[in-house]
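K.L.:
Following this message is one structure expressed as C-alpha cells.
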Amino acid sequence: MLKTKAVAFSLVASLCVASPLLAEETLKVGVQAPITGAYANEGQGIDQSVRLLAEQINAKGGVMGRQIEVISCDDEGTAMKAAICAKDLVNKGVSMVIGSYTSTCAEAAQATYFRAGVLQTSDGTSDTLTEHGYWTFFRNSFPNSAEATFSAEYMVNEKKYQRIAILSDFSSYADGLATAVEDAVKKQGGNIVAREKVKAGAQNFTPVLTQLKSKDPDVIFYAGYYSDGGLIRSQQVALGIKADFIGGDANDNVDFVKLAGNAAEGAYIINVPTPELLPYDLAKDFLAAYQAKYNMMPPSIWTILNVDGMRAFIHAMETNQSFDTKKAAEYLHTLKDYPGITGPISFAPDGNRVGSGYMTYRIQKDGTYEIVYK
Amino acid sequence: MDIFLQQLVNGLTIGSMFALIALGYTMVYGVMKLINFAHGDLVAGSAFVGLFVFSELLGGQISFAVVLGVFALTIILISLLGFTVERLAYRPLRNAPRLSAVVSALGASMVIQNGIMLIWGPQMRIFPELIPTIIWDIGGVVVSLIQVLIMVLSMLLMVGLYFFVEKTKIGTAIRASAIDQDAARLMGINVNNIIVTIFIIGSSLGAVGGLFIGLYYRGITFNMGWQYGLYAFVAAIMGGIGNIPGAMLGGILLGLFNAFIAGYISSTWSDAFTFILLIVILIVRPTGILGERVAEKV
Numbered sequence: 008m009l010k011t012k013a014v015a016f017s018l019v020a021s022l023c024v025a026s027p028l029l030a031e032e033t034l035k036v037g038v039q040a041p042i043t044g045a046y047a048n049e050g051q052g053i054d055q056s057v058r059l060l061a062e063q064i065n066a067k068g069g070v071m072g073r074q075i076e077v078i079s080c081d082d083e084g085t086a087m088k089a090a091i092c093a094k095d096l097v098n099k100g101v102s103m104v105i106g107s108y109t110s111t112c113a114e115a116a117q118a119t120y121f122r123a124g125v126l127q128t129s130d131g132t133s134d135t136l137t138e139h140g141y142w143t144f145f146r147n148s149f150p151n152s153a154e155a156t157f158s159a160e161y162m163v164n165e166k167k168y169q170r171i172a173i174l175s176d177f178s179s180y181a182d183g184l185a186t187a188v189e190d191a192v193k194k195q196g197g198n199i200v201a202r203e204k205v206k207a208g209a210q211n212f213t214p215v216l217t218q219l220k221s222k223d224p225d226v227i228f229y230a231g232y233y234s235d236g237g238l239i240r241s242q243q244v245a246l247g248i249k250a251d252f253i254g255g256d257a258n259d260n261v262d263f264v265k266l267a268g269n270a271a272e273g274a275y276i277i278n279v280p281t282p283e284l285l286p287y288d289l290a291k292d293f294l295a296a297y298q299a300k301y302n303m304m305p306p307s308i309w310t311i312l313n314v315d316g317m318r319a320f321i322h323a324m325e326t327n328q329s330f331d332t333k334k335a336a337e338y339l340h341t342l343k344d345y346p347g348i349t350g351p352i353s354f355a356p357d358g359n360r361v362g363s364g365y366m367t368y369r370i371q372k373d374g375t376y377e378i379v380y381k
Numbered sequence: 002m003d004i005f006l007q008q009l010v011n012g013l014t015i016g017s018m019f020a021l022i023a024l025g026y027t028m029v030y031g032v033m034k035l036i037n038f039a040h041g042d043l044v045a046g047s048a049f050v051g052l053f054v055f056s057e058l059l060g061g062q063i064s065f066a067v068v069l070g071v072f073a074l075t076i077i078l079i080s081l082l083g084f085t086v087e088r089l090a091y092r093p094l095r096n097a098p099r100l101s102a103v104v105s106a107l108g109a110s111m112v113i114q115n116g117i118m119l120i121w122g123p124q125m126r127i128f129p130e131l132i133p134t135i136i137w138d139i140g141g142v143v144v145s146l147i148q149v150l151i152m153v154l155s156m157l158l159m160v161g162l163y164f165f166v167e168k169t170k171i172g173t174a175i176r177a178s179a180i181d182q183d184a185a186r187l188m189g190i191n192v193n194n195i196i197v198t199i200f201i202i203g204s205s206l207g208a209v210g211g212l213f214i215g216l217y218y219r220g221i222t223f224n225m226g227w228q229y230g231l232y233a234f235v236a237a238i239m240g241g242i243g244n245i246p247g248a249m250l251g252g253i254l255l256g257l258f259n260a261f262i263a264g265y266i267s268s269t270w271s272d273a274f275t276f277i278l279l280i281v282i283l284i285v286r287p288t289g290i291l292g293e294r295v296a297e298k299v
C-alpha cells in the first residue's frame, strides 16, 4: 500500500514538473511537399532542408525563445491531397507553410492558408499563384514569365532556331510556362511549328514525338517536370529525332540525367543557378551542413529556394518581435535585399520574388552541367 | 506514310508488352474463373527485382552474360512469388464463394504493391540501360534494338506458349481443366498442380513484361503495376478472357490502337478511346473477339 502511494506521489510530482515543459509554446512550421509519388525526391529534399534549418535555428535558441516544430504533410503532387494537407496543417495550428513543390499543389492549398492567415511560401513558378491577391502567399522562386522571356531570347536570337516545337503537360506550371514561352517566341519573331501536350506520368511518349517528327523541328522545348522530361529526351533520341532538346526549369533535377541515360548528353536546361554554382557563403555553409546530415546533395535548386522562403518568414517575425502573420506579411511585402542562400531576397507587394538570373546549361557526357549562356 | 509506319512500330512494341502481361490474366481466368488482380503488381515487382538482381547480385557491370542472368534470375524469383501468392491467397479459398477469392486477389495486390514501396521506397527508381541504344533508320522509320528485342522475344514466347498448350500433355491437361475442373480430375489430372503450373507460366511471362517495361521506359515506380495491369486486363477482355490467342491479339490490337489514337488524335484522349473501344467490342461480341460463345446455364 505504501509502495503504491509512493508511486502515485512520484507520478503526480513528475507530472507537475513535466507539465510546464509540455505547455511551452513552439513555433509550428508546416511542410507541404510531394514526399511520395513522381516528384518524391524534390518533396523529400524540401522536407529534409526545412528540418535542417529548423534544427540549426533551434540550436541557437529558437525564434524569440520558441523552438521550431516541423509538421510535414505529403501532398503526393496531386491537387486533391494538397487541399487535404492544407486543412490538416491549418488544424494543427501552423503559422507558416513551406511548399509545395508543384504550382498545382501550391495553388490548390493557397485559399485555405489565406483564410486561416497562415503564411505560405512555394517555389511554384506559375504566374497565376500571385494573381489571386492573397497576402499570405510569397513566391521564393521567379515566375514563368521571366523564364519565358529568357528562353525565347535564347532560342530565337542566340541559337537562331527556325522551327520551334513546344511540349508541355497539363499542370498549371507546365501549361503556363509553355504558353508564356509561345507568346514570348512570337513576340521576338520566332516560328513555332508545333505545340503539343502530354500526360504527366504516361511513360510512353513515342506517339507524340513521332507526330512532332513530321513537323521537322530544330528544337523541342519541354515545359514540364524532370520525371517525364528525362524519358522524353531518351525516347526522342531513340526515335532518331535530331532536334535539340531544351528543358524548362523543372527538368533541373538529378533524376533527369539518370532517366535520359546516354541521351542526356547534349540536352539543354534553362534555370536559375544550381546549388553548386551559388557564390554566397550562406549557400556554401548550408550545402555543407546538408551534405553532412543527409550524405547527399539537395536534388535541385528548388529545395534551397524553399529554405530561403522560410528564412525570410523567420527574419520578418524576429524583426517585428511578433509572431503575428499579418504584421510579418506587411514587412515582407517591402523586404529589400535580405541576404539569402540563393541571393538577396526582395519581395514585390504581390508576393513575387524580385530579380532573376537565368542560365542555359548543356548536359555533358558525365552528367554535369556546363553553362553555355547567361 | 512514314508516320503511319512509325506509329505501327511503336504500337507493336507496347502491344507486345501488353500481350505478355495479358496472358497471365487470361490463363488464370481460363482455369480458375478468377481475375488475378495481383498480376499487375507482380509485373511491377519484376522490374524492381530485375534492378536489384542487376545492381546488387550481379555487380552492376553490363555484359551479355549479365543481361541473361538478370532475365533468368528475375523470372525465377517472380515465378516463386506467383507460386507463393497462389498458395497463400488463392488455394485456401478454392472452394469458397467467388467473391472471397476476388477480395483476396485485391488484398494480394495491395500487399505486393506496398511491399515494393517498403523495400525500394516510394520514389521513382531508374532502370539501367542494359541494352545499348542502337537505332536503325529504314527509309524514315526508326527502329531501335530494344524495340526489335521486345517484339521478337514476345513473339517467340507467345508462339512457344501456344504450342506448349496445344501440343504437349501438360498443355492438354491445362485445356481440360479450363473446360471442366471436375471432369478433368476424374480423368486423373491433378488440377492443383495444373493451377500451380499456370501461375508459374503466367508470372514468368509477366516477369519478362516487367523487365521490358524497365528496359524500354527506364523510370519505374512501385504503383505502376496498376496502370499496366489495367491495360493488360482490357487486352485480355478484348481478345476474349480465358482464350490464349485472344490475349495475344487483344494486347497487340490495344497497343496499335493506343499508338494511332495518340498519334493522330491526341494522347490526352487515348485512354478514353481505349475504353470506348472496349465497350463497343463488349456490346458487339460480349465474349471478346476470339472468345467462345458459352450458353448461359439458367
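Top to bottom, those sequences are chains R and X. 8 is the number of the first residue of the first sequence in the working numbering; add one for each residue after it. 2 is the number of the first residue of the second sequence in the working numbering; add one for each residue after it. Even glycine gets a Cβ: it sits at the ideal position worked out from N, Cα and C. All figures in this text were calculated on a predicted structure; none of them were measured in a lab.
When you compare only the Cα positions, how much space is there between R:L28 and R:K291?
P.N.:
Here residue 28 of chain R refers to the residue found at position 21 when the first sequence is read from its first residue. Here residue 291 of chain R refers to the residue found at position 284 when the first sequence is read from its first residue. Bear in mind that the predicted position of R:L28 carries a pLDDT of just 48, short of 50, making it unreliable; the figure below should be weighed with that in mind. Near 36 Å, if we compare the C-alpha coordinates of R:K291 and R:L28.
K.L.:
Once DSSP output is grouped into helix, strand and coil, what is the label at R:Y380?
P.N.:
Here residue 380 of chain R is taken as the residue at index 373 of the first sequence, counted from 1. In the structure shown, R:Y380 sits in a strand (DSSP, three-state: E or B).
K.L.:
Taking R:A319 as the reference, give the member of R:V70, R:Q39 and R:E31 with the closest Cα.
P.N.:
Translated into positions along the first sequence, residue 319 of chain R becomes position 312. Of the listed residues, the one whose Cα sits closest to R:A319 is R:V70.
K.L.:
With distances taken between CB atoms, is the gap from R:L216 to R:Q242 smaller than 8 Å?
P.N.:
The residue given as residue 216 of chain R occupies position 209 in the first sequence. The residue given as residue 242 of chain R occupies position 235 in the first sequence. In this structure, R:Q242 lies closer than 8 Å to R:L216 by Cβ.
K.L.:
Tell me, please, which residues DSSP counts as bridged to X:I139.
P.N.:
Residue mapping note: residue 139 of chain X aligns to position 138 of the second sequence, counting from 1. Partner(s): X:V142.
K.L.:
Kindly list, in the order they appear in chain X, the residues whose Cβ is closer than 9 Å to that of R:D262.
P.N.:
The residue labelled residue 262 of chain R in the question sits at position 255 within the first sequence. Simply Q124, M125, I127 and G220.
K.L.:
In terms of alpha-carbon separation, which member of R:K99, R:F293 and R:I308 lies closest to R:E62?
P.N.:
As a first step, residue 62 of chain R is located in the first sequence; it is residue number 55 there, counting from the start. Nearest option by C-alpha distance: R:F293.
K.L.:
Can you tell me whether R:W309 is buried or exposed, with buried defined as 16 or more other CB within 10 angstroms of its CB?
P.N.:
As a working mapping, residue 309 of chain R is identified with position 302 in the first sequence. So R:W309 ends up on the buried side.
K.L.:
Kindly say whether X:T275, judged by its beta-carbon, lies nearer than 8 Å to any beta-carbon of chain R.
P.N.:
As a first step, residue 275 of chain X is located in the second sequence; it is residue number 274 there, counting from the start. Answer no: the Cβ-Cβ gap between X:T275 and chain R never drops below 8 Å.
K.L.:
Could you check the C-alpha separation between R:C112 and R:Q51 for me, to the nearest Å?
P.N.:
Translated into positions along the first sequence, residue 112 of chain R becomes position 105. Translated into positions along the first sequence, residue 51 of chain R becomes position 44. Each residue's Cα considered, the two are about 15 Å apart.
K.L.:
Does DSSP classify R:N278 as helix, strand or coil?
P.N.:
Within the first sequence, the letter at position 271 stands for residue 278 of chain R. Strand.
K.L.:
List the endpoints of the continuous beta strand (DSSP E) containing R:D251.
P.N.:
Along the first sequence, one-based indexing puts residue 251 of chain R at 244. Where R:D251 is concerned, the enclosing beta strand (DSSP E) stretches over D251 to G254.
K.L.:
Could you tell me whether the Cβ of X:A260 comes closer than 8 Å to any Cβ of chain R?
P.N.:
Position 259 of the second sequence holds residue 260 of chain X. Output row for X:A260: interface = yes.
K.L.:
Below 8 Å, how does it come out for the region 193-208 of chain R and the region 161-176 of chain R: are there three or more Cβ pairs, yes or no?
P.N.:
Segments in contact, yes.
K.L.:
Would R:V38 count as contacting chain X if we go by Cβ distances under 8 Å?
P.N.:
Here residue 38 of chain R refers to the residue found at position 31 of the first sequence. By this cut-off, R:V38 is not an interface position.
K.L.:
Starting from X:V50, follow the alpha helix (DSSP H) in both directions and report where the run begins and ends.
P.N.:
Position 49 of the second sequence, counting from 1, holds the residue named residue 50 of chain X. Looking at the DSSP string, the run of the alpha helix (DSSP H) that includes X:V50 is H40 to F53.
K.L.:
Measure the Cβ-Cβ separation of R:P305 and R:P282 and say whether it is below 8 Å.
P.N.:
Position 298 of the first sequence, counting from 1, holds the residue named residue 305 of chain R. Position 275 of the first sequence, counting from 1, holds the residue named residue 282 of chain R. Yes, they are a contact pair.
K.L.:
Determine, for R:V200, whether the minimum Cβ-Cβ distance to residues of chain X falls below 8 Å.
P.N.:
Counted from its first residue, the first sequence places residue 200 of chain R at position 193. Chain X contact via Cβ: absent.
K.L.:
What does the alpha-carbon distance come out to for the pair X:Q8 and X:F200?
P.N.:
For the purposes of this step, residue 8 of chain X is taken as the residue at position 7 of the second sequence. For the purposes of this step, residue 200 of chain X is taken as the residue at position 199 of the second sequence. Straight-line Cα distance between these residues: approximately 33 Å.
K.L.:
Taking any Cβ of chain X, which residues in the region 240-267 of chain R have a Cβ under 9 Å from it, in chain order?
P.N.:
Listed by position along the chain: S241, Q242, V244, A245, L246, G247, I248, D262, K265, L266 and A267.
K.L.:
For R:A47, decide whether its Cβ has a neighbour in chain X, counting only Cβ atoms nearer than 8 Å.
P.N.:
Here residue 47 of chain R corresponds to residue number 40 of the first sequence, with the count starting at 1. Closer than 8 Å: yes.
K.L.:
Using the DSSP secondary-structure output, state which residues sit across from R:R360 in a beta bridge.
P.N.:
Counting from one through the first sequence, the residue named residue 360 of chain R turns up at place 353. R:F354, per the DSSP bridge assignment.
K.L.:
Please list, in chain order, all residues of the same chain as R:A230 whose beta carbon is under 6 Å from its beta carbon, the five residues on each side excluded.
P.N.:
Position 223 of the first sequence, counting from 1, holds the residue named residue 230 of chain R. These residues qualify, in order along the chain: S175, A181, L184, A185 and G255.
K.L.:
At 9 Å on the CB atoms, spell out the chain R contacts of X:D183, in chain order.
P.N.:
Working through the second sequence from its first residue, we reach residue 183 of chain X at position 182. Per Cβ cutoff of 9 Å: no residues; X:D183 is ~44 Å from chain R at best.
K.L.:
Between the region 142-157 of chain X and the region 261-279 of chain R, can you find at least three pairs of beta-carbon atoms closer than 8 Å?
P.N.:
No, because fewer than three Cβ pairs between the region 261-279 of chain R and the region 142-157 of chain X fall closer than 8 Å, the two stretches do not touch.
K.L.:
Please give me, in chain order, every unbroken run of the alpha helix (DSSP H) with length at least 4 that falls completely inside the region 305-340 of chain R.
P.N.:
If we require 4 residues or more, the alpha helix (DSSP H) runs fully inside the region 305-340 of chain R come out as 308-327 and 332-339.
K.L.:
Mind pulling the chain R residues with CB within less than 8 Å of X:V143?
P.N.:
Counted from its first residue, the second sequence places residue 143 of chain X at position 142. Within 8 Å Cβ-Cβ: A245, L246 and G247.
K.L.:
What does the alpha-carbon distance come out to for the pair X:L206 and X:G108?
P.N.:
In the second sequence, residue 206 of chain X corresponds to position 205, counting from 1. In the second sequence, residue 108 of chain X corresponds to position 107, counting from 1. Those two C-alpha atoms are separated by around 22 Å.
K.L.:
Quick one: residues in its chain with C-beta nearer than 8 Å to the C-beta of R:D344, no 5 flanking neighbours on either side, listed in chain order?
P.N.:
One-based indexing of the first sequence puts residue 344 of chain R at position 337. Excluding positions up to five away in sequence, the list reads P351, I352 and S353.
K.L.:
What's the gap between the Cα of X:G31 and the Cα of R:D95?
P.N.:
Here residue 31 of chain X refers to the residue found at position 30 when the second sequence is read from its first residue. Here residue 95 of chain R refers to the residue found at position 88 when the first sequence is read from its first residue. Straight-line Cα distance between these residues: approximately 47 Å.
K.L.:
Are the C-beta atoms of X:D138 and some chain R residue less than 8 Å apart?
P.N.:
Position 137 of the second sequence, counted from the start, is the residue given in the question as residue 138 of chain X. Yes, its Cβ sits closer than 8 Å to a Cβ of chain R.
K.L.:
In this structure, how does DSSP classify R:G37 when only helix, strand and coil are distinguished?
P.N.:
As a working note, residue 37 of chain R is residue 30 in the first sequence. R:G37 falls in the strand class under three-state DSSP.
K.L.:
Verify the CB distance criterion: does R:S234 have a CB-CB separation below 8 Å to chain C?
P.N.:
The question asks about chain C, but that chain is absent: this structure's protein chains are R and X.
K.L.:
Quick one: what's got a C-beta closer than 6 Å to X:L13's C-beta in the same chain, skipping five residues either side?
P.N.:
In the second sequence, the residue the question calls residue 13 of chain X occupies position 12. Closer than 6 Å at Cβ, skipping near neighbours: M152.
K.L.:
Since X:I245 and X:M28 are thought to touch, with beta carbons under 8 Å apart, how far apart are those beta carbons, to the nearest angstrom?
P.N.:
As a working note, residue 245 of chain X is residue 244 in the second sequence. As a working note, residue 28 of chain X is residue 27 in the second sequence. Yes, they are in contact, since the Cβ atoms of X:I245 and X:M28 sit about 7 Å apart, within 8 Å.
K.L.:
Does DSSP put X:I120 in a helix, in a strand, or in coil?
P.N.:
Working through the second sequence from its first residue, we reach residue 120 of chain X at position 119. Residue state, collapsed to three classes: helix.
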